[in-house]
Amino acid sequence: ESLSAVSAGVVKKIAKGFGITILFLGFIAVAGVLWPPAQAPLPPSQRHYVITKVHVIDVASGTVGPLQSVTMADGRITEIGADAGRPLAHEIDGHGGFLIPGLWDMHSHSLQLSPPLHFPLQVANGVTSVRDMMGCPEETDSLIACEGDKRRWTKAAENGRLVSPRFIGAASFYFDDPEMTPEEAESRARLYARRGVDYLKVYNRISRPAYFQLAKVSRELGVPMVGHLPKAVSLGEAITAGQSSFEHARLFLQEGFARADNWRQGKLDEVPPTDLATAMVTERDVAACDRLFTLMAAKNVWFVPTHVTREEDARADDPTYLNDERLGYADPLSLWAWKDDASATRSRYPGQRGREALRSYFEKGLELTGRAHDAGVPILVGTDTIIGGFRMHDEMRLLVRAGLSPAAVLRAATLEAARYAGKEEDFGTIEAGKQADLVLLSANPLEDIANTRAISDVFIAGHHYDRALLDRLLAFTKEQAHHPANWIKMLWGFARSSVRSSL
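Just so you know, we're using my numbering here: the sequence shown kicks off at 55 and counts up by one.
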């Protein structure tokens, strides 16, 4: 009895301690959810500036202008020339640097927590506009940023009340359900259109009937169809149906594959991934690929290769890559997902053969992008990955490696992006009357595209982020990436998100 009494006492103490622990953890969780979100340090309210002693990069011609001054007021460029400037303008010494239009990331994703976790990193890297490539299944969501959020954030950024790039386009939640009927696809497209999305995004598994019905309603609504090329549809068919942009470097590897029809029909589903990747690199229908390049160029269909995503595959076993110090700016949930993807890639493509297949796949993708560009296919710059601000510059470097000139890459990240969005009257080049979205570099990007990293100042709608403020944004992002409250908020948002039931 004495032993039983002692045991009972121990159990009671453990239960009590466990209960206290649960209560404490619950308190921490509630506190994290209710913790007010931090705001990144804002730029000054001043919006009348003159940048002196600066070379203006003409991205249209790929040339460097003479030393001159650029004046901006109320968010627009007002004057360019040797004597530009007004007495009331705040002067910024350009120190002989190089002024380029703000960079546009044309494949980005945003979450409800992006204002403290992601946007400051983009701005600190000279990204002034983004095309967001995934919306919400419903009108609101606890995890994913929805159309209304993006419109609100853009307005706040333009007014200097939020550190954020502009959202120049927002896609719907993706169409990927293989069981979706054509009628359901049309109904969902009309719902998204009423909500004000700019694009209808298609993904890998949508069926042929649903895809072609979606293409029909896309044309009717005037809401372009963008995204992946579904496996069940050929690239030629998708171009003819009206899809306006295609994402990811695997596009031409799959479509120029000599056995592409067999692959689309599922006849190669049992082939091991390493063997299939190798076959797509080595078994090429060059003539078919060239015909697709010609068709895309003739139809002005855009390609966003996001080579950084294939680089992630190719370097999934590279310790240097996996321990990139820049990953310290990534929030823990995104970093976990990124590392989990790398682990899955290593498992799916095991051993030396797997690594060699992925590296060859990556290199062939670069080669095909270069050939597509030479054939006149319009190229855009997008990241589709964590630490998007940093990776924007990585993607531009890879496009040069693919064979594009630094001038062509810079044009793709600025003027071509504005043309794609139909906003070239306001963005894309440095001209009087255009929006004052600018990046001041200390080195010439036309000589080396890596010089786009040499950022001294950023302007968004005329709001000035000097180097000291950009450094504060970087420090803020790293701090927020590891703040426990943001981790809790993200988990809580994921637990309640309608996206979970749609995956």
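Glycine is no exception: its CB is placed at the ideal position from the N, C-alpha and C atoms.
Check each candidate in Leu346, Glu324 and Leu268 and name the one with the smallest Cα separation from Leu305. Leu346
Check whether Thr506 and His427 have beta carbons under 8 Å apart: no
Tell me whether Gly310 is buried or exposed, calling it buried when 16 or more other Cβ atoms sit within 10 Å of its Cβ. buried
Among the residues of its own chain, which have a CB less than 8 Å from the CB of Leu495, if the five just before and after it don't count? Gly151, Phe152, Leu153, Ile154, Asn505, Thr506, Ala508, Ile509 and Ser510
Proximity below 8 Å, CB of Ala490 to CB of Met126: yes
Where Asp231 falls: helix, strand or coil (DSSP): coil
Beta-carbon proximity of Val124 to Ile111, cut-off 8 Å: no
Look at His517 and Arg101 and say whether their C-beta atoms are less than 8 Å apart. yes
Taking the alpha carbon of Lys209 as the point to measure from, which residue in Leu268, Cys200 and Phe221 has its own alpha carbon closest? Phe221
According to the neighbour-count rule (16 or more other Cβ atoms, all chains shown, within 10 Å of its Cβ), is Ala472 buried or exposed? buried
Taking all protein chains shown into account, do 16 or more other C-beta atoms lie within 10 angstroms of the C-beta of Ser388, making it buried, or fewer, making it exposed? buried
What residue does the beta strand (DSSP E) around Ile105 start on, and which one ends it? Tyr103 to Asp112
On the three-pair Cβ rule with 8 Å, is the stretch 185–197 touching the stretch 531–542? no
How close, in whole Å, do the beta carbons of His144 and Tyr103 come, if the pair is a contact with beta carbons under 8 Å? 5 Å
Tell me the DSSP bridge mates of Arg130? Ala127 and Gln489
Can you pull the DSSP bridge partners for Val280? Lys255
Does DSSP put Tyr403 in a helix, in a strand, or in coil? coil
At which residues does the alpha helix (DSSP H) containing Ser226 begin and terminate? Where Ser226 is concerned, there is no enclosing alpha helix (DSSP H), given that its DSSP letter is neither H nor E.
At a cut-off of 7 Å, is Ile134 close to the ligand NAP when judged by its beta-carbon and the heavy atoms of the ligand? In terms of ligand content, the structure shown is empty, and the ligand NAP therefore cannot be addressed.
Could you compute how far the alpha carbon of Arg409 sits from the alpha carbon of Asp371? 8 Å
Quick one: what's Phe513 bridged to in DSSP? Leu492 and His518
For the beta strand (DSSP E) that Ser218 lies in, which residues bound it at each end? Run containing Ser218: none; DSSP gives neither H nor E here.
CA-CA distance, Leu434 and Asp329? 30 Å
Per DSSP, what kind of secondary structure is Ile503 in: helix, strand or coil? helix
Can you tell me where the beta strand (DSSP E) holding Asp186 begins and where it ends? Val181 to Asp186
Backbone secondary structure at Arg273 - three-state DSSP: helix
Please state whether the Cβ-Cβ distance between Asp186 and Ser164 is less than 8 Å. yes
In chain order, which continuous runs of the alpha helix (DSSP H) of length 4 or greater are located wholly inside the stretch 362–444? 373–376, 386–402 and 405–428
Spatially closest choice to Ser552 from Val113, Ala199 and Leu167, by CA coordinates: Ala199
Take Ala429 as the anchor and find which of Asp344, Leu376, Pro404 and Ala486 has the nearest alpha-carbon. Asp344
In three-state terms, what does DSSP make of Ser168? helix
Just to confirm before moving on: does the CB-CB distance between Lys488 and Ile131 stay below 8 Å? yes
Nearest-angstrom Cα distance between Pro603 and Asp159? Within the shown structure, residues of the chain are numbered from 55 to 557, placing residue 603 beyond reach of any answer.
Are Gly148 and Lys107 touching if we call contact CB-CB under 8 Å? yes
Nearest-angstrom Cα distance between Arg318 and Ile441? 33 Å
Decide if Thr294 is buried, meaning its Cβ has at least 16 other Cβ atoms within 10 Å, or exposed. exposed
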